[in-house]
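Quick notes on the structure that follows.
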Amino acid sequence: MNSLTTKKLKKSLVSTEFFVLVLIVLLAVFIEMQSGLFFTNNNLVDLLRSMIVPSIFALCAYLGFISTGPDVSFPLIAALSSYIATQFVVITGFQGSIAIVFLVAIAVGLVLGSINGFIIAKYNFPSLIVTLGTSTIFSGILLGAFEASRMELPATMADFGRQSLLAVTNAKAGIGSSLPMTFLIFVGLYIIVYFVLNHTMAGRGVFAVGGDETSAERAGFNVKLIRFGVFTVSGAIAAIAGVCYTVESLYYLPTEFAGEEMIVIAAVILGGTRLMGGVGTLKGTILGTLLITIVTNSLILVGIPVYWQKFFIGAIIIIGTAISVIQSHNLFKSKKSKDSKGLQNSEVVINETAQKQ
Amino acid sequence: MSENILSVKGVHKSFGGVHALKGVDLTIKKGEVHCLAGENGCGKSTIIKVISGVHKPDSGEVELNGKKYTSITPSEAIEAGVQIIYQDFSVFPNLTVMENLAINKALASKKKFINKKEFRRIAEEAVNKINFKVDLDALVEDLPVADKQLIAISRALLADAKLIIMDEPTTTLTKTEVKRLFEIIEDLKEQGVTILFVSHKLDEVYEICDSITIFRNGENVLSCQVSEMDDEKFAYYMTGRKFDSQNIKQNAKAGDSILEVKNLSAPGFDNVNFNLRKGEVLGISGQLGSGRTELSLALFGLLKPYEGSIVVDGKEVNITSPAKAQELGIALVPEDRLTEGLFLSQSIKRNINVTKLDELSSKLGVMNITALTDESKGWVKNIGVKTKDHEYPVQTLSGGNQQKVVLARWLATNPNVLILNAPTVGVDIGAKHDIHTLLRNLANEGRGIIVVSDDVKELVDVCDRVMVMQQGKIINEIASGDLNADMLSQYI
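In structure tokens form, the structure reads like this:
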């Protein structure tokens, strides 16, 4: 048992999640030392608040990667479905529960996601190309057909946005921050996704399909159905993120969404999710998102201008990816030497060095 | 109850215009280890897919455990106890050993939720069946190939397998791993499991199988007990050709020295001396790690010697790089053609031409397409690469023909000394003979050839003399007169 725990400890020490955690701590300590403002109640609440929508988007990117490949359509699914939900409230003058607004958005999200899922699963097209295409189409529908533009939110939605779960005021600076109700949605979604992925056959099927499609098919998984399901559900999650974002900002702005995908994907990859599928954890996804959020949110505390944030995000993405590449390289090497075993080892090493020369 | 677990009768199967199975029969007795052999494309994989229900036969019938099916579905096959160990093992690299073992069973029982305890119990039950020691929480991608195979086998046993089909199970295993696999097969046999062992390696067939069926071109040409089998018969039925391995050495005559190695030492070998003459095929043998690979690398400038000298055509030379080696007329055909030698997705033509690009291009680097095409066509014809067109990607070729492409590429540089590392690993019998004949012909043209190999039969068939290495030193040299398989086996 003892050796098992040390083994587990060792494993977690070399995991990507661990590196991200170290980066987060270093960054936090750095900002705190420079400004004394990082570990203040309002900054921490602000961070949590800013994490909500990116974290939900991160679920979409994460599900795409572990099952199939990159998905870049979630911001536009969010934009289109939250627009339709908002319009539904505006046009019908709906006064009831906010849950219904979410349900409308989810329904739209399911339909849009299922379009991705259908094309990807049925025709086996690369998910990047398909979602790039659909996302452009959704954008066209939103801005062209619906002529969506900036909209004040109807009362039902704005009220929900103003409700807070937790409000704090920084005594020293006199700045207040509040945590919106959408935080609960974010937590709830992660719990549900965690449970489904880890404790149901369907969830394990997602990993199985991402790990080896042929093996999954031979084992009896319905590969196409699983892929279709993942993208459909991802559409619904994106819709939820869209409504969360809209109610948090208290108005609807159609152009706010596009472009979000790259930063979210960067966060997910940073958290250790593998581009080629089958590998990645929700823990890593959250940590990756947190790191990116700290960079975009808190660097300003040390007086680093906004445009430098982009520089830092870019640098972190490259460093983070480098770490995972180096790790998978090490893994490959150790695998190779394990495969060839014993004496053959020396031959493999010599072959490798010989090729480098 | 019949005593046959499987009996396939008159199965036909066509794909488009290709008649893959032309009315084959295959009968396997309960509890035996039955070998299915044949060259690439003989219909081995097709019949496996018919038995497992992946392909529907055009006509004929499959009888499993006394029950007749005109066409069997995959789930019927599994129910009847048919399990296949695929060459890629069909495992999930990203999941743990435990999940890999338990997931199929959980799927089959239509479970919706995961019960970790149950999974662990199933996984333990599975590995215990073959006494397989493995960390159940390890990720499968971190395991050696042999362990992946054992996972596939234990998983098959979980599904209550009565007939396990192993598709070329030893291809990626080391000798020790093969031994372990054979122990497990013996053990399964005792438990009453029938094995269909698909292989084209004769020594394995002798060792493990009770009876054998050989396919050729979609027909079964022989079914008999392994005890009635011999090398010549095996080769004949596999290929439909008679081989006379004695003959290929007939015109051998050695000329002047072409490559001389004096007191050569490098990491991996020590104080090696030998002399290679024109028209000679010299074998270098020894176990893995004996220094044989390192020696070949040093001769090609891939490994720097720290002592000794190399004399080519009477002149002492310093081979510092592969480019230098090529300049001196030395070519090396590497051991692992898939990763070191070939661009699989590129055409045969491009693969052959890659060593000739400089020579057949203008000074500005523009390729002379006509010359390149002629060059490649010539080689394809000369060394008998079996393909419809040299524009086809190399991956469409069988192992033996891929090896011929690698050979052609190096022969195109017109080398005086050709070093080949394990030239016929994974190559089937017919192509092996072709390559051996080709090597002898090349030697007869006045080249010096070095064959690095641990295949005893190959060394005896093709070499004039064989040097045996052990721990970096040459421990013996066996000259032509004394060269025979028994003699050589003592040293390897």
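In order, the protein sequences belong to chains B and P.
Each residue of the first sequence is one higher than the one before, counting from 1 in the numbering used here.
Each residue of the second sequence is one higher than the one before, counting from 1 in the numbering used here.
Note that the Cβ used here is the ideal one computed from N, Cα and C, for glycine as well.
All values derive from a computational prediction rather than experimental measurement.
> Which of the residues in the stretch 74-92 of chain P, read from start to end, lie with their CB under 7 Å from any CB of chain B?
Replying inline: Ser90, Val91 and Phe92
> At what residues does the alpha helix (DSSP H) containing alanine 138 of chain P begin and finish?
Replying inline: Residue 138 of chain P sits at position 138 when you count from the first residue of the second sequence. That residue, alanine 138 of chain P, is in no alpha helix (DSSP H); it is neither H nor E in DSSP.
> Using CA coordinates, which residue listed in P:Asn416, P:Thr437, P:Asn351 and P:Gly365 is at the minimum distance from leucine 397 of chain P?
Replying inline: Walking along the second sequence from the start, residue 397 of chain P turns up at place 397. The shortest C-alpha separation from leucine 397 of chain P is found at P:Asn351.
> Along chain B, in chain order, which residues have C-beta atoms closer than 9 Å to that of asparagine 131 of chain P?
Replying inline: Reading the second sequence from its first residue, position 131 is the one you call residue 131 of chain P. Correct list: empty, because the minimum Cβ distance to chain B is about 20 Å.
> Once you ignore the five residues that flank serine 71 of chain P on each side, which residues in its own chain have a CB closer than 7 Å to its CB?
Replying inline: As a first step, residue 71 of chain P is located in the second sequence; it is residue number 71 there, counting from the start. Excluding sequence neighbours, serine 71 of chain P sits near Lys56 and Pro57.
>> Check whether chain P comes within 8 Å of lysine 224 of chain B, counting only Cβ atoms and requiring the distance to be less than that.
In response: Translated into positions along the first sequence, residue 224 of chain B becomes position 224. Chain P, which has no Cβ nearer than 8 Å to the Cβ of lysine 224 of chain B, makes this no.
> For valine 425 of chain P, which option in P:Glu335, P:Met166, P:Met487 and P:Cys463 has the closest C-alpha, if you only look at C-alpha atoms?
Replying inline: By one-based count along the second sequence, residue 425 of chain P stands at place 425. Among P:Glu335, P:Met166, P:Met487 and P:Cys463, the Cα nearest to that of valine 425 of chain P is on P:Glu335.
> Is DSSP giving leucine 488 of chain P helix, strand or coil here?
Replying inline: Position 488 of the second sequence holds residue 488 of chain P. Looking at leucine 488 of chain P - three-state DSSP - the assignment turns out to be helix.
> List, in order along the chain, the chain B residues whose C-beta lies closer than 7 Å to that of isoleucine 51 of chain P?
Replying inline: Here residue 51 of chain P refers to the residue found at position 51 when the second sequence is read from its first residue. Correct list: empty, because the minimum Cβ distance to chain B is about 15 Å.
>> Taking DSSP's pairing of strands, which residues face leucine 222 of chain P in a bridge?
In response: On the second sequence, residue 222 of chain P is found 222 positions in, with the first residue counted as 1. For leucine 222 of chain P, which the question treats as bridged, DSSP gives the partners P:Ile214.
> So aspartate 46 of chain B is in the alpha helix (DSSP H); what residue range does that whole segment cover?
Replying inline: Mapped onto the first sequence, residue 46 of chain B falls at position 46. Segment 41-67, the alpha helix (DSSP H) holding aspartate 46 of chain B.
>> Cβ closer than 8 Å: which chain P residues qualify as neighbours of phenylalanine 221 of chain B?
In response: Along the first sequence, one-based indexing puts residue 221 of chain B at 221. Those within 8 Å of phenylalanine 221 of chain B in chain P are Leu107.
> Can valine 91 of chain P and leucine 136 of chain P be called in contact, C-beta distance under 8 Å?
Replying inline: Sequence index remark: in the second sequence, residue 91 of chain P carries index 91 (1-based). Sequence index remark: in the second sequence, residue 136 of chain P carries index 136 (1-based). Contact: no.
>> What ranges does the alpha helix (DSSP H) occupy inside the stretch 165-203 of chain P, keeping only unbroken runs of at least 4 residues that lie completely in it?
In response: 175-190
> Any idea what DSSP makes of valine 205 of chain P, helix, strand or coil?
Replying inline: Walking along the second sequence from the start, residue 205 of chain P turns up at place 205. Helix, per DSSP.
> chain B partners of glutamate 307 of chain P, CB-CB under 8 Å?
Replying inline: To locate residue 307 of chain P, count along the second sequence from 1; it is residue 307. Those do not exist, as glutamate 307 of chain P stays about 17 Å from chain B at its closest Cβ, beyond 8 Å.
> Span of the alpha helix (DSSP H) holding lysine 122 of chain B?
Replying inline: For the purposes of this step, residue 122 of chain B is taken as the residue at position 122 of the first sequence. 98-123 is the extent of the alpha helix (DSSP H) around lysine 122 of chain B.
> What in chain P is Cβ-close to glutamine 218 of chain B, meaning under 7 Å?
Replying inline: Walking along the first sequence from the start, residue 218 of chain B turns up at place 218. For the record, residue 218 of chain B in the displayed sequence is arginine; it is not glutamine. Chain P residues near arginine 218 of chain B: Ser90.
> By how many angstroms is the C-alpha of leucine 301 of chain B removed from the C-alpha of asparagine 41 of chain B?
Replying inline: Reading the first sequence from its first residue, position 41 is the one you call residue 41 of chain B. Reading the first sequence from its first residue, position 301 is the one you call residue 301 of chain B. In a straight line, the C-alpha of asparagine 41 of chain B is about 14 Å away from that of leucine 301 of chain B.
>> Does any residue of chain P have a CB that is nearer than 8 Å to the CB of glycine 229 of chain B?
In response: Position 229 of the first sequence, counting from 1, holds the residue named residue 229 of chain B. It does not; no Cβ of chain P falls within 8 Å.
> Apart from the five residues just before and just after alanine 156 of chain P, which ones in its own chain have a Cβ nearer than 7 Å to its Cβ?
Replying inline: Residue mapping note: residue 156 of chain P aligns to position 156 of the second sequence, counting from 1. Taken in chain order, the residues that qualify are Gln83, Ile85 and Ile164.
>> Buried or exposed, going by whether 16 or more other CB atoms sit within 10 Å of the CB of asparagine 43 of chain B?
In response: If you number the first sequence from 1, residue 43 of chain B lands on position 43. Burial call: buried.
> Who are the Cβ neighbours of serine 290 of chain P in its own chain at under 6 Å, not counting the five residues just before and after it?
Replying inline: For the purposes of this step, residue 290 of chain P is taken as the residue at position 290 of the second sequence. Hits under 6 Å: Met469 and Gln470.
> Okay, do the stretch 143-153 of chain B and the stretch 256-271 of chain B touch, 3+ Cβ pairs below 8 Å being the bar?
Replying inline: no
>> Tell me whether the stretch 217-224 of chain B and the stretch 307-322 of chain B touch, counting them as touching only if at least three CB pairs, one residue from each stretch, are closer than 8 Å.
In response: no
> Grouping DSSP H, G and I as helix and E and B as strand, with all else coil, what is tyrosine 251 of chain B?
Replying inline: As a position in the first sequence, residue 251 of chain B is number 251, starting the count at 1. In this structure, tyrosine 251 of chain B counts as strand in the three-state DSSP scheme.
> Going by DSSP, what residues sit across from phenylalanine 274 of chain P in a beta bridge?
Replying inline: Counting from 1 along the second sequence, the entry for residue 274 of chain P is found at position 274. The partner list for phenylalanine 274 of chain P (beta bridge, DSSP) reads P:Val261.
> Below 8 Å between beta carbons: does that hold for serine 114 of chain B and glycine 235 of chain B?
Replying inline: One-based indexing of the first sequence puts residue 114 of chain B at position 114. One-based indexing of the first sequence puts residue 235 of chain B at position 235. Yes.
> Are cysteine 244 of chain B and isoleucine 52 of chain B closer than 8 Å when you measure CB to CB?
Replying inline: Walking along the first sequence from the start, residue 244 of chain B turns up at place 244. Walking along the first sequence from the start, residue 52 of chain B turns up at place 52. Against a cut-off of 8 Å, the Cβ pair of isoleucine 52 of chain B and cysteine 244 of chain B comes out as a contact.
> According to the neighbour-count rule (16 or more other Cβ atoms, all chains shown, within 10 Å of its Cβ), is isoleucine 293 of chain B buried or exposed?
Replying inline: The residue given as residue 293 of chain B occupies position 293 in the first sequence. The identity of residue 293 of chain B in the sequence shown is threonine, whereas the question assumes isoleucine. Buried, by the Cβ-count rule.
> Interface residues of chain P around phenylalanine 65 of chain B at Cβ under 9 Å?
Replying inline: For the purposes of this step, residue 65 of chain B is identified with residue 65 of the first sequence, where counting begins at 1. Within 9 Å Cβ-Cβ: nothing; phenylalanine 65 of chain B doesn't reach chain P, min ~12 Å.
> Taking Cβ positions only, does lysine 333 of chain B come closer than 8 Å to chain P?
Replying inline: As a position in the first sequence, residue 333 of chain B is number 333, starting the count at 1. Residue confidence is low: lysine 333 of chain B scores 47 on pLDDT, short of 50, so the model does not pin down where it sits. Its coordinate-derived value is still stated next. It does not: the Cβ of lysine 333 of chain B has no partner Cβ on chain P nearer than 8 Å.
>> Against chain P, does serine 215 of chain B count as a neighbour if the rule is that its beta carbon must be under 8 Å from one of theirs?
In response: Mapped onto the first sequence, residue 215 of chain B falls at position 215. It does: the Cβ of serine 215 of chain B has a partner Cβ on chain P nearer than 8 Å.
>> What residue range does the beta strand (DSSP E) around glycine 23 of chain P cover?
In response: The residue labelled residue 23 of chain P in the question sits at position 23 within the second sequence. That run of the beta strand (DSSP E) goes 18-29.
>> Three Cβ pairs or more, each shorter than 8 Å: is that satisfied between the stretch 279-297 of chain P and the stretch 448-467 of chain P?
In response: yes
> glycine 210 of chain B versus chain C: which residues are under 8 Å apart at the beta carbon?
Replying inline: Annotation note: the requested chain C is absent from the structure, which comprises protein chains B and P.
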